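Scroll down for the structure; my scribbles are underneath it.
Numbering (the working numbering), first residue to last: 33 to 444.
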């Protein structure tokens, strides 16, 4: 993952703007972040970019970019950006001191990405360019920076339909090669360019789905209202919910690699804790983001009981052969157990050895019991980890599980 945001929150003064914001982004593709005005979308982008909105800002949770290199930051294009006084050509040269810049020249980038920006604009002060060409120029600079993630806030705001088109084209083409987090209020823009769409409302992520499913079959009440009306007023987070660390507790800097939320701060998939690091350290990292139940899908439980006891993590063993598929009736019972755990406020993590095949199969099974088709469940989990569900046997199981579950449900 290029970006992992886990349990992130922001307080401005005595007002909680964001709380428990959780999502991940892969190495390419556009994620559209939508939601009602004033809901914290720009605040979130600025936080990911390492910028504070105000002097009295307090935040918590984890933002992990590229896994390493804390000094590295995504390229941020603000909504209300003061035009650069330099030319695009000069600004592109200045990027040589920014991260690991793209080796292609400005002209080559514009040509290769088929960006509708005339060469005659390259040497002109960006202050003198039209709003359309400035927006295109900033996108080109973001790509030229070499950073694998661009943060782009409302790039088509204020543009006429004719000028919006080339800007959206540029967003889509950059998103084919890099990761791009796009804040937009425009549902048509999101439908056109985004691989995945998230709804930020009430200070947290209410829904995150592949874009086609987000607009065709939203699951949450908030997303259903937003798709239908373009709005979904939800109260701000309660300030009493913000977490506080016990005195002297060491900060947990990042969750495990291979960790992905399927249900924000509720249900996640991961590889075996301790596979590449110290098991107790990784269990503490899981507890720090709320996970208090682990479902182990390996044939033998690899985590010592003493480590689980010290971490306060409960373990449920549900063995599945490597690359194999589970028993349908037992899987249905496990999904019911997960539902009960979530209803009681528990946070559930599911793991196998590598956290992909068996883990993805059970995550998709849970979604099928919530009404998704096998294809939709696969699309949803693969939006966060494209390698979820590893074998033909596992995919065949999910198709049969969908049929079996829907048939049984309709007969009861």
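Glycine included, each C-beta is placed from N, C-alpha and C at the ideal position.
Note that the structure is a prediction, hence the values are computed from the model and not measured.
{"Item": "Is it right to say residue 227 is buried, meaning 16 or more other beta carbons lie within 10 angstroms of its own, or is it exposed?", "Value": "buried"}
{"Item": "Below 8 Å on the Cβ atoms is my contact criterion, and I expect residue 53 with residue 76 to pass it. Report the Cβ-Cβ distance as a whole number of Å.", "Value": "6 Å"}
{"Item": "May I ask which residues mark the beginning and end of the alpha helix (DSSP H) holding residue 313?", "Value": "311-320"}
{"Item": "Does the separation of the CB atoms of residue 161 and residue 153 fall below 8 Å?", "Value": "yes"}
{"Item": "Would you please state the rounded distance, in angstroms, between the beta carbons of residue 430 and residue 406? I believe it to be under 8 Å.", "Value": "4 Å"}
{"Item": "Do you know offhand how far residue 135's Cα is from residue 176's?", "Value": "8 Å"}
{"Item": "For a test of the three-state rule: what should DSSP assign to residue 276, helix, strand or coil?", "Value": "Note that residue 276 has pLDDT 41, beneath the 50 cutoff, so the model's placement of it is unreliable and the number below is only indicative. Reduced to three states, the DSSP call for residue 276 is coil."}
{"Item": "Can you name, in chain order, every residue of its own chain whose Cβ lies under 8 Å from the Cβ of residue 268, other than the five neighbours on each side?", "Value": "47, 48, 49, 234, 235"}
{"Item": "Distance check for residue 288 and residue 41, CA to CA, integer angstroms please.", "Value": "19 Å"}
{"Item": "So, at 6 Å on beta carbons, what are the nonlocal neighbours of residue 409 in its own chain, with the 5 sequence-adjacent residues on each side left out?", "Value": "396, 399, 400"}
{"Item": "Three or more beta-carbon pairs under 8 Å between the stretch 368-382 and the stretch 318-328, yes or no?", "Value": "yes"}
{"Item": "Mind pulling the alpha helix (DSSP H) runs of 4 or more residues that sit fully within the stretch 157-213?", "Value": "163-176, 193-207"}
{"Item": "Compare the C-alpha of residue 122 against each of 143, 97, 112, 156 and name the closest.", "Value": "156"}
{"Item": "Given residue 254, which residues of its chain have a CB within under 8 Å of its CB, disregarding the five upstream and five downstream residues?", "Value": "231, 233, 234, 238, 239, 264, 266"}
{"Item": "Looking at the structure shown, is residue 379 part of a helix, part of a strand, or coil, going by DSSP?", "Value": "coil"}
{"Item": "Taking C-beta to C-beta, are residue 190 and residue 163 nearer than 8 Å?", "Value": "yes"}
{"Item": "Under the DSSP definition of a beta bridge, which residues are partnered with residue 64?", "Value": "214, 229"}
{"Item": "One question on the structure: do residue 199 and residue 172 come within less than 8 Å of each other, judged by their Cβ atoms?", "Value": "no"}
{"Item": "Give the DSSP-derived three-state secondary structure of residue 147 in the structure shown.", "Value": "coil"}
{"Item": "In the DSSP assignment, the beta strand (DSSP E) including residue 264 goes from what residue to what residue?", "Value": "Unbroken run through residue 264: none, as it is neither H nor E."}
{"Item": "If you draw a straight line from the C-alpha of residue 363 to the C-alpha of residue 370, how long is it?", "Value": "10 Å"}
{"Item": "Tell me where the beta strand (DSSP E) around residue 328 begins and ends.", "Value": "325-328"}
{"Item": "Run the CB neighbour count on residue 418, radius 10 Å, all protein chains shown included, and call it buried at 16 or more, exposed below.", "Value": "exposed"}
{"Item": "Would residue 57 and residue 35 be called neighbours here (beta carbons separated by less than 8 Å)?", "Value": "yes"}
{"Item": "From residue 28 to residue 373, what does the alpha carbon distance come to, in whole angstroms?", "Value": "Since the displayed the chain opens at 33 and closes at 444, residue 28 lies outside it and no answer follows."}
{"Item": "Around the Cβ of residue 137, are there at least 16 other Cβ atoms within 10 angstroms (buried) or fewer (exposed)?", "Value": "exposed"}
{"Item": "Would residue 166 be called buried (16 or more neighbouring beta carbons within 10 Å of its own) or exposed?", "Value": "buried"}
{"Item": "Determine whether the beta carbon atoms of residue 322 and residue 39 lie at a separation below 8 Å.", "Value": "yes"}
{"Item": "Quick one, are the C-beta atoms of residue 91 and residue 79 less than 8 Å apart?", "Value": "yes"}
{"Item": "Within 10 angstroms of the Cβ of residue 337, are there 16 or more other Cβ atoms? Answer buried if so, exposed if not.", "Value": "exposed"}
{"Item": "Can you list, in chain order, the residues of its chain with a C-beta nearer than 6 Å to that of residue 125? Leave out the 5 residues immediately preceding and following it.", "Value": "none"}
{"Item": "Under a three-way DSSP split, which group does residue 384 fall into?", "Value": "coil"}
{"Item": "Do residue 210 and residue 181 have their beta-carbon atoms positioned less than 8 Å apart in this structure?", "Value": "yes"}
{"Item": "Let me know the secondary structure DSSP gives residue 40 once reduced to three states.", "Value": "strand"}
{"Item": "Can the beta-carbon of residue 188 be found less than 8 Å from the beta-carbon of residue 221?", "Value": "yes"}
{"Item": "According to DSSP, which residues form a beta bridge with residue 237?", "Value": "232"}
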